[in-house]
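Colleague: Under the numbering used here, the final residue of the sequence shown carries the number 1110; numbering is consecutive throughout. All residues carry an ideal CB built from backbone N, CA and C; glycine is no exception.
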Amino acid sequence: MLLYTGWIAALDSASSAEHISQFTLLAERLLQEFALLLKVFLEGIAILTVAIAVFLTLRRILRLWRRDRVLQETIRLELGVVLALSLEFLLAADIVGTAVSPSWDAVAKLAAITGIRTFLNFFLQREVRELRETAHSPSAKEL
968 MLLYTGWIAA LDSASSAEHI SQFTLLAERL LQEFALLLKV FLEGIAILTV AIAVFLTLRR
1028 ILRLWRRDRV LQETIRLELG VVLALSLEFL LAADIVGTAV SPSWDAVAKL AAITGIRTFL
1088 NFFLQREVRE LRETAHSPSA KEL
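Okay, here's the thing in structure tokens:
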């Protein structure tokens, strides 16, 4: 009798462990699916951000064709800021993708995007600072 009850207890614990294992697999799959949807959503936002920015920038450039050099630089820098924002969305998408399925390829892609974003932001901030200094200088006001 003792052997029989021990066998049933072992069967119950094996069944319980199997349920936990199945639940873990289900939760992992749901997390992967959610992460994939979030990644696609973030990439879509990045693409939409670039498309709208390019459209608005082209419209402004066509209206101001060769009229004001400082304004053209401002428009160019505004586009750069939006492109940097788009890279932030792409970086977020890659972080989400790497979090659920890390591979050396995904990590390398994430590192490359992070490097490009850092490089772009550094030079973009420098150009914005220079443009502000140019716009506020006495010689710019005389023109």
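Quick check on Leu1004 - is its C-beta less than 8 angstroms from some C-beta in chain C?
Modeller: Of the protein chains in the structure, only one exists, and it is not chain C.
Colleague: Beta carbon of Ala1013, beta carbon of Leu1057: below 8 angstroms?
Modeller: In this structure, Leu1057 lies closer than 8 angstroms to Ala1013 by Cβ.
Colleague: Name the residue from Ser1070, Thr1101, Ala1051, Phe990 whose alpha carbon lies nearest to the alpha carbon of Phe1086.
Modeller: Nearest of Ser1070, Thr1101, Ala1051, Phe990 to Phe1086, Cα basis: Ala1051.
Colleague: If we ignore side chains and look at the alpha-carbon of each, how far apart do Leu944 and Thr1024 end up?
Modeller: As shown, the chain starts at 968 and ends at 1110. That puts residue 944 outside it, with no answer to give.
Colleague: Buried or exposed for Gly1047, going by 16 or more other Cβ atoms inside 10 Å?
Modeller: Buried.
Colleague: For a quick check, are the C-beta atoms of Thr1065 and Val1074 less than 8 angstroms apart?
Modeller: Yes, these two residues count as a Cβ contact at 8 angstroms.
Colleague: Is DSSP giving Arg1034 helix, strand or coil here?
Modeller: In the structure shown, Arg1034 sits in coil (DSSP, three-state: anything other than H, G, I, E or B).
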